[in-house]
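Protein chains in written order, with the numbering used here: chain A, 868 to 1306; chain B, 33 to 301; chain C, 734 to 1031.
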Amino acid sequence: MKISMSLFGTAAAMALLAGQAQADVSIMYADWLADLVEPGIEAYEQATGETVDAIKLPGEGYVERVALDLASGTAADVIQMDSFVVSELASAGYTMNLNDALAGWDQYPSYMSGLTEVVSYDGGVYALPTDTDVRMLWYSVPVMEKAGIALPWEPKSWDDILDAARQIQEKTGIEDAFLLPVGTKRGEATTMQGFYMALLGADVPEAGRNRLRDWDAGKWVGDSPAIRRTLELYKTIYIDEKLGTQATNYATDVDSTIRQGLREGTMGIVASGSWENSCIWDCSGGSELSQSERDGMVNWSEWPGSGLEGTMETTNISGGWAIGLNENASDKDAAFGLLTTIFDQGNFEDWTVTNGRMAVRTDISGGDAYQSDPFLARATPLAANTTGRDTFPGYQIVSALVQQMTADILEGLSVDEAVEEYHAALVDEFGEDNVITYE
Amino acid sequence: MDERPSRSLALALCFVAVIWVSPFAWLLSNAFDTSAVGILRLPQDPGVGNFGRALSGSSGLQMWNSLVIAFGTATLTVAVAAGAAYPLSRIRIPGRDAMLWGLVLLRMMPSTGLMIPIFFSAQKTGLLNHLGVILALSILNLPFALLLLKNFFDTVPIELEEAAHVEGASLFQIVGRIVLPLSRPGLAVVWFFTFTTAWNEFLLPLLFSRAESGFPMSVGLYAAFGQQGAIDYGFLAAYSILYAAPAIAVYFLLRRNMNTGFAGVGVKG
Amino acid sequence: MSLRNDTKPWLSGGFGLVILASIPAVLFVGALIFFTVWVVTFSFTDLSLVGAKSVNWSWIGFDNYERLFTRRGFMESLWVTVSFTFFSAIVGQSLLGFLLASVMRALRGPLRGFIEVAIMLGWLLPDIVAAFLWSATTAENGLINSVVLGPLGFDSVNFLNEFAFPVVVVANVWKGTAWSYLLFSAALDSVPRDVIEAAQVDGATWWQRTRRVTLPMIKSHIGTNTLFITIWTFTYFPLVYAMTGGGPGRQTKVLSIFMYEQSFKIGKLGYGSAISVAMLLVVGLLAVFYVRLLKEPE
């Protein structure tokens, strides 16, 4: 007993030591966003003389931690979040409506309006986006050359992609000729970089025909020809013709595996996003390769539509991260002050350009630094015709069910069976009234 | 019984051991390669730079936090379990065995499933700190510890206690001078098991620590994954070695005690 | 009071101390029961982790339990978990642990120390690192392909692609055998030497000695070990999750991963809780089965 008593004493003392000093405003963010957040914190402390309690968390477990902290009222005042949870958190009343505060911030008008929609819920803006992104097909240039495919490669339909993949396998023996993100391990990558990019081009762009949500009817799409065609595409790639390996999508570290594959020319075509231009070489922007050197090794083309009549020629969908405020922040003005300091033009522009991110503000995208970056100059036009993620409360569940649906195909289920499972799970969650079927 | 190992047996064992340690080749080759990329190869740029990086920053504090959590959990669990296991071993309470098994049954729920109630309880009681982590882990480990220790106390000969009682020793003296010293191996096994469980725990300290300075090494390891998607393999490997080292040291300190301790683990058939 | 009459006199003398020493354990057990009841309660709701249903949840009766059977996922994962537990814990760790312990009894000196350390290293290594270690070892450019298959003239194999389930089983055997080894080597040490020597004099072979003499004497240890590693493996999560995330498809999606995905990735806490409760019931049945087996008359 004596031992345990003194142990209680030590542990309690330790806990006190580890606890925070009284701070005026607190922030929680994932470690990979440190380059944007930390200079902002420093500037805020210098400008106001207040102290910021910063909690930098590992990316692993970040979403769980934020959810539990918000639910129990222990979250920080300023919180980084994936843009798709913004509407969920807002609908639960966890995050603050920023409309009034933003009206008084002179830099707010330069945010592109299409991009603030992603972080809006019910007419209110609930967070500010850190960046946006576009999605494309990355390919290894030496592999394409070896396969005898004309460069620059510009596929016009799904068949063009599949033909290229077949040719790559035939001429080079590379197993991962075309990697379309699939399955549950890849999480949002499966939904955004994989399923949705194909879905958008799988049918005519009318209401919910090529979407997961029919925004006009206000319902989730439980079954549609586009969903079925997209699943058929997965089936062709991973089951019927084995143009890519399943296991690559379940590797211990999928992203590094794929980037290494592209860098070293052991993979052909990979569906991913605009961040890869830096991440294939070094995510933090530390690569010394010039843009033309990179393009000589790994290049990209836009995602074509399926090629069916009336479908889009190219498709795109955008996501990104955001920073919002806790509804229960003790000092809301201070929290908003920290938010705007982080997003102050100078700091925000530095981070955006160094990391090769797509700008969310016209004052940054119009700046010299951004304009003179050859990659950003080439990729930014893609954002003009992009589709926003279906950020409506419930999206997180729908997205996870989509990932499961693609995994069902890998398991050997037929397209019919997989869609049936998906439809049933949607009805479980949202009720028959909120699910629509397209014939 | 003089059963010297034959040459072939020794060879076979060596073979098993080599296979067993061979996966570590990856760990070592990456830890000592300052330009490691996560594949198995001879170090391109041999050096100890990765260890330098792993030791810089807050890894010292993180190791201290890990020690506090693991040491605290193991000690608290053993103290609490021993307090109840001794009476359970010596007093015939009706339904005692059923009760113990019932307790172990409770632990067949995955601990991640219990995370939400644990988190909210800790938050309500102001225990979102190291003490809370220690208490939560002790609660989760108690059923195993209780069952193991009770079985162990069963093997301590009761005659010694009777003799001491006849000579006028109090309960406190009997437990302190006879039962606990004789049970040292059993206590060591349970302590070590709880220690390693707590040493490897990731989710609880991640959710409970209110400040970065409270994170243990299990969380600090993820700094290797800091940049989205680009893993710092050299750091990861070096940090892993530093992370595993204290637990291995503790094993060696306790090894002599534990070898006999495991014998007391069996339940009575 | 009959309880006191039965009790050893030194205990009844210090009854106050006995009660006092038991209080913390009672409180801890109470907390554990409280948490479990909480999870059972969740399982009858549609509570979610984020979003509106995290605040405005409702009671949905047995819907979550019904979906365990009517929706894909649970039954598939249950089967994966049972095979994973059987092959990696009962066959792998337990049998290998026993064999190693039994062979190594005869061994002293540095070789034994080396092997013990080798076995313990797996146990002590953090799960996430063990996952990387095994992925790297079984990769196409990994140890097995470059040191074994390559030199023998075989094509290199992407083991996680072709044999995901066996690979995670082997990795878990590697990671967990230490516990069974330590337990069995201690148990074997407790078998009196004269008993074995007597059998040896009778001319019994190693197998006969093991079957007739050793195994019956350490029966209780085998029982405890089997039960413990069954529980641990059944609910084990980090290693497999880090190696394969449960895939490809559902090939390695054990129940704990399925539960974690439903609760935290998808955010259906209610459904996740129902999975937890179902796991408790399933392992509970297994445990009752074991205990019955143990208590069988000789």
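Even for Gly, the Cβ is constructed at its ideal location relative to N, Cα and C.
CB contact check: residue i to chain B, cutoff 8 Å
i: TRP907 of chain C; result: yes
i: ASP898 of chain A; result: yes
i: LEU1293 of chain A; result: no
i: TRP940 of chain C; result: no
i: LEU937 of chain A; result: no
i: LYS923 of chain A; result: yes
i: VAL932 of chain C; result: Checking the sequence, you will find Ala at residue 932 of chain C rather than Val. It does not; no Cβ of chain B falls within 8 Å.
Closer than 8 Å to chain C by CB, residue i
i: SER170 of chain B; result: yes
i: SER67 of chain B; result: no
i: GLY115 of chain B; result: yes
i: ALA32 of chain B; result: Coverage of chain B is limited to positions 33 through 301, which leaves residue 32 of chain B absent and any answer about it impossible.
i: ASN232 of chain B; result: yes
i: PRO1260 of chain A; result: yes
i: ILE123 of chain B; result: yes
i: THR1097 of chain A; result: no
i: GLY1050 of chain A; result: yes
i: SER90 of chain B; result: no
i: MET228 of chain B; result: Note on identity: in this sequence residue 228 of chain B is Thr, with Met being the wrong assignment. Taking Cβ atoms only, chain C reaches closer than 8 Å to THR228 of chain B, which makes this a yes.
i: ALA279 of chain B; result: yes
i: ALA317 of chain B; result: Residue 317 of chain B falls outside the range modelled here, since chain B spans only 33 to 301, and no answer is possible.
i: GLY70 of chain B; result: yes
i: ALA888 of chain A; result: Legend: pLDDT at ALA888 of chain A = 45, less than 50; position of this residue unreliable, no value from coordinates given.
Closest by C-alpha distance to residue i, when choosing among the options
i: PRO78 of chain B; options: B:ALA63, B:PRO237, B:SER143; result: B:ALA63
i: ALA897 of chain A; options: A:ASP920, A:PRO925, A:LEU903, A:THR915; result: A:PRO925
i: GLY1000 of chain C; options: C:LEU753, C:ASP779, C:PHE768; result: C:ASP779
i: ALA1189 of chain A; options: A:VAL985, A:ASP989, A:ALA1236; result: A:VAL985
i: SER932 of chain C; options: C:LEU960, C:VAL946, C:ALA919; result: Note on residue identity: the sequence assigns Ala, not Ser, to residue 932 of chain C. Selected option, being the one with the closest Cα: C:VAL946.
i: VAL783 of chain C; options: A:MET948, A:ASP920, A:LYS923; result: A:MET948
i: LEU60 of chain B; options: B:ALA270, B:GLU244, B:THR187; result: B:ALA270
i: ARG1228 of chain A; options: A:VAL904, A:PHE1215, A:PRO1248, A:ARG1080; result: A:PHE1215
i: TRP792 of chain C; options: C:SER776, C:GLU799, C:PHE807, C:ARG800; result: C:SER776
i: PRO55 of chain B; options: C:GLY936, C:GLY855, C:ARG841; result: C:GLY855
i: SER1154 of chain A; options: A:GLU1176, A:ARG1130, A:GLY1172; result: A:ARG1130
i: LEU1120 of chain C; options: C:ASP935, C:SER918, C:PHE817; result: For residue 1120 of chain C there is no data in the structure shown, the boundaries of chain C being 734 and 1031.
Own chain residues within Cβ distance below 7 Å of residue i, not counting five before or after
i: ASP1043 of chain A; result: GLY1111, THR1112, THR1115, GLY1128, MET1134, GLY1135
i: ASP1000 of chain A; result: GLY1140, SER1141, TRP1142, SER1185, GLY1186, GLY1187, MET1225
i: VAL207 of chain B; result: TYR118
Min CB distance residue i to chain A below 8 Å
i: PHE831 of chain C; result: no
i: SER868 of chain C; result: yes
i: ASN878 of chain C; result: no
i: ALA919 of chain C; result: no
Same chain, Cβ closer than 6 Å to residue i, neighbours up to 5 away in sequence not counted
i: GLY1005 of chain C; result: MET992, GLN995, SER996
i: MET147 of chain B; result: none
i: ALA888 of chain A; result: Its pLDDT being 45, under 50, ALA888 of chain A is placed unreliably by the model, and the measurement read from it follows with that caveat. So the list is empty, once near-sequence residues are dropped.
i: ALA942 of chain A; result: ASP936, ASN1193
Beta-carbon proximity list for residue i, same chain, < 8 Å, skipping 5 on both sides
i: GLY1223 of chain A; result: SER1141, TRP1142, ASN1144, SER1145, GLY1152, ASP1240, PHE1242, LEU1243
Counting pairs of beta carbons, one from the segment 1208-1215 of chain A and one from the segment 899-911 of chain A, are three or more of them closer than 8 Å?
yes
Count the C-beta pairs between the segment 853-873 of chain C and the segment 918-927 of chain C that are closer than 8 Å, then say yes if the count reaches three, no if not.
no
Residues in the segment 136-151 of chain B with C-beta within 7 Å of chain A's C-beta atoms, listed in sequence order?
PHE151
For the segment 947-976 of chain C, which residues have a beta carbon sitting closer than 7 Å to at least one beta carbon of chain A?
ALA975, MET976
Residues, ordered as in the chain, of the segment 994-1014 of chain C that lie near chain A by beta-carbon distance below 8 Å:
GLU994, PHE997, LYS998, ILE999, GLY1000, LYS1001
Contact between the segment 1094-1107 of chain A and the segment 971-985 of chain A is defined here as three or more beta-carbon pairs at a separation below 8 Å; is this criterion met?
no
Select from the segment 979-990 of chain C all residues with a C-beta closer than 7 Å to any C-beta belonging to chain A, and list them in chain order.
GLY979, GLY980, PRO981, GLY982, ARG983
Return the residues of the segment 811-829 of chain C that lie within a Cβ-Cβ distance of less than 8 Å from chain B, sorted by chain order.
none
Touching by the beta-carbon criterion (3+ pairs, under 8 Å), the segment 1230-1241 of chain A and the segment 954-962 of chain A
no
Is there contact between the segment 142-155 of chain B and the segment 934-951 of chain A, where contact requires at least three CB pairs shorter than 8 Å?
yes
If you pair each beta-carbon of the segment 806-821 of chain C with each one of the segment 967-987 of chain C, do three or more pairs fall below 8 Å?
yes
Mind listing which residues of the segment 772-794 of chain C have their C-beta closer than 9 Å to chain A's C-betas, in chain order?
ASP779, SER781, LEU782, VAL783, GLY784, ALA785, LYS786, SER787, VAL788, ASN789
Please list, in chain order, the residues of the segment 943-963 of chain A that have any C-beta partner in chain C closer than 9 Å.
VAL952, SER954, GLU955, LEU956, SER958, ALA959, GLY960, TYR961
Taking one C-beta from the segment 1283-1301 of chain A and one from the segment 813-833 of chain C each time, how about it: are there three or more such pairs within less than 8 Å?
no
Would you call the segment 214-233 of chain B in contact with the segment 175-190 of chain B, where contact means no fewer than 3 C-beta pairs closer than 8 Å?
yes
Interfacial residues, the segment 176-210 of chain B to chain A, with Cβ spacing under 7 Å
none
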